[in-house]
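K.L.:
Sequential numbering of the sequence shown, starting at 1, is according to full-length UniProt numbering.
For glycine and all other residues, C-beta sits at the position ideal for the given N, C-alpha and C.
If you're wondering where the values come from, they're calculated on a predicted model, not measured in any experiment.
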Amino acid sequence: MKKEFAVIGLGRFGGSICRSLSQQGMDVLAIDIDEDKVNEYSSIASHAVVGDTTDEVVLKSLGIRNFDHVIIAIGDNIQASILTTLILKELGVKHITVKAQNDYHEKVLTKIGADQIVHPERDMGQRIAHNIVSNNVLDYLELSDEHSIVEIIASKHVDGYSLIDLDIRAKYGINIVAIKRGKDILVSPQASETIIKGDILIIIGADTDINRFEKNLIED
Ligand code: ATP
Numbered sequence: 001m002k003k004e005f006a007v008i009g010l011g012r013f014g015g016s017i018c019r020s021l022s023q024q025g026m027d028v029l030a031i032d033i034d035e036d037k038v039n040e041y042s043s044i045a046s047h048a049v050v051g052d053t054t055d056e057v058v059l060k061s062l063g064i065r066n067f068d069h070v071i072i073a074i075g076d077n078i079q080a081s082i083l084t085t086l087i088l089k090e091l092g093v094k095h096i097t098v099k100a101q102n103d104y105h106e107k108v109l110t111k112i113g114a115d116q117i118v119h120p121e122r123d124m125g126q127r128i129a130h131n132i133v134s135n136n137v138l139d140y141l142e143l144s145d146e147h148s149i150v151e152i153i154a155s156k157h158v159d160g161y162s163l164i165d166l167d168i169r170a171k172y173g174i175n176i177v178a179i180k181r182g183k184d185i186l187v188s189p190q191a192s193e194t195i196i197k198g199d200i201l202i203i204i205g206a207d208t209d210i211n212r213f214e215k216n217l218i219e220d
């Protein structure tokens, strides 16, 4: 059966989620307190309705408990975001994702049982900062405070060497989980695989180890 989604708050973030889910063929109910926003998404989402989601009656009348996944993308009005989350939890919504504005907001959302909390501005800021600091880092995903997955462009320093030649796992404690070469992607490459300059190495490991690898073997 097709999953049903509801997106509350149609700002840039919520709007983008709504658009993307719809493009992927999902059923999406778009909700916003602002009629102009709702009109903007009426031809994109399966349904778009005006409503204040801090009102339990509104949420009940929309049958919100039947949705598989609700995304709360209310930004500036932290109180409305928290209250909406609380009501959805009480109504028994299965999966709730909430956009957090700051650490305090996140703490409260965790306490009241939000299933997933996202910080789009903070995360994108970190990714861009990593890319600015090193031209070789294409993308970056934080796994914990100390571990990440990064995409690094292989430089001339590693060109023509195999993974075993470089002894990356033993020397740096990191793992190359995949190599992107043009349109091809080599998942879990063999130790005998030879790196070519321009390959994109997808690496998982501790930040300090990844930095050491990058400083020693990638940077000019
Ligand atoms: P973005 O950065 O994603 O553009 P933002 O963080 O600036 O958004 P806001 O614009 O404050 O967030 O809120 C996003 C949307 O949530 C707005 O369109 C706003 O009308 C809507 N919204 C705010 N309060 C409520 C509410 N109680 N019920 C429903 N929608 C609401």
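What is the DSSP secondary structure of N175, reduced to helix, strand or coil?
P.N.:
Along the sequence shown, one-based indexing puts residue 175 at 175. Of the three classes helix, strand and coil, the one that applies to N175 here is strand, per DSSP.
K.L.:
L143 to D207, Cα distance in whole Å?
P.N.:
In the sequence shown, the residue the question calls residue 143 occupies position 143. In the sequence shown, the residue the question calls residue 207 occupies position 207. Answer to the nearest angstrom: the Cα atoms are 10 Å apart.
K.L.:
Using only CA atoms, which one of I82, V70, V28 and I179 lies nearest to I203?
P.N.:
Position 203 of the sequence shown, counted from the first residue, corresponds to residue 203. Closest by alpha carbon: I179.
K.L.:
With a CB to CB cut of under 7 Å and the five nearest residues on each side skipped, what residues in its chain are close to E146?
P.N.:
What you label residue 146 is simply residue 146 of the sequence shown in a count that begins at 1. Cβ within range, chain order: A206 and D207.
K.L.:
Does DSSP classify D145 as helix, strand or coil?
P.N.:
In the sequence shown, the residue the question calls residue 145 occupies position 145. In the structure shown, D145 sits in coil (DSSP, three-state: anything other than H, G, I, E or B).
K.L.:
Would you call the stretch 154 to 173 and the stretch 115 to 131 in contact, with 3 or more CB pairs under 8 Å?
P.N.:
Not touching, per the Cβ criterion.
K.L.:
In angstroms, rounded to a whole number, what distance separates the CA positions of S22 and S46?
P.N.:
Numbered from 1 along the sequence shown, position 22 holds the residue referred to as residue 22. Numbered from 1 along the sequence shown, position 46 holds the residue referred to as residue 46. Their Cα atoms are separated by approximately 8 Å.
K.L.:
Taking the alpha-carbon of K111 as reference, which of I218, L138 and L86 has the nearest alpha-carbon?
P.N.:
Looking up residue 111 in the sequence shown gives position 111. Considering only alpha carbons, the answer is L86.
K.L.:
The alpha helix (DSSP H) that contains F67, what's its start and end?
P.N.:
Taking the sequence shown and counting its residues from 1, the one referred to as residue 67 is at position 67. From DSSP, F67 is part of no alpha helix (DSSP H); its letter is neither H nor E.
K.L.:
Give a single yes or no on whether D103 has its beta carbon closer than 7 Å to a heavy atom of the ligand ATP.
P.N.:
Your numbering for residue 103 matches position 103 in the sequence shown. False, no ligand heavy atom lies under 7 Å from that Cβ.
K.L.:
Could you tell me whether the stretch 94 to 113 touches the stretch 67 to 75, where touching means 3 or more Cβ pairs closer than 8 Å?
P.N.:
These segments touch.
K.L.:
Select from D220, I44, E35 and L10 the residue whose C-alpha is nearest the C-alpha of N135.
P.N.:
Locating residue 135 in the sequence shown gives position 135, where the first residue counts as 1. Comparing Cα-Cα distances from N135 to each of D220, I44, E35 and L10, the minimum goes to D220.
K.L.:
Do T54 and A80 have their beta-carbon atoms positioned less than 8 Å apart in this structure?
P.N.:
By one-based count along the sequence shown, residue 80 stands at place 80. By one-based count along the sequence shown, residue 54 stands at place 54. Yes, the pair counts as a contact, with Cβ atoms nearer than the cut-off.
K.L.:
At which residue ranges does the stretch 95 to 139 contain complete alpha helix (DSSP H) runs of 4 or more residues, listed in the order of the chain?
P.N.:
Taking only runs of at least 4 residues, the alpha helix (DSSP H) segments lying wholly in the stretch 95 to 139 are 103 to 111 and 120 to 133.
K.L.:
According to DSSP, what are the bridge partners of A206?
P.N.:
Start at 1 with the first residue of the sequence shown, and residue 206 comes out as number 206. Paired residues: H147.
K.L.:
How big is the Cα-Cα spacing for D103 and V7?
P.N.:
Numbered from 1 along the sequence shown, position 103 holds the residue referred to as residue 103. Numbered from 1 along the sequence shown, position 7 holds the residue referred to as residue 7. For D103 and V7, the distance between alpha carbons rounds to 22 Å.
K.L.:
Relative to the alpha-carbon of V38, which residue among L109, Q116, I185 and G15 has its alpha-carbon at the smallest distance?
P.N.:
For the purposes of this step, residue 38 is identified with residue 38 of the sequence shown, where counting begins at 1. V38 has its Cα closest to that of G15, out of L109, Q116, I185 and G15.
K.L.:
Is it the case that the CB of F5 approaches a heavy atom of the ligand ATP more closely than 7 Å?
P.N.:
Taking the sequence shown and counting its residues from 1, one reaches residue 5 at position 5. No, the beta carbon of F5 sits no closer than 7 Å to any heavy atom of the ligand ATP.
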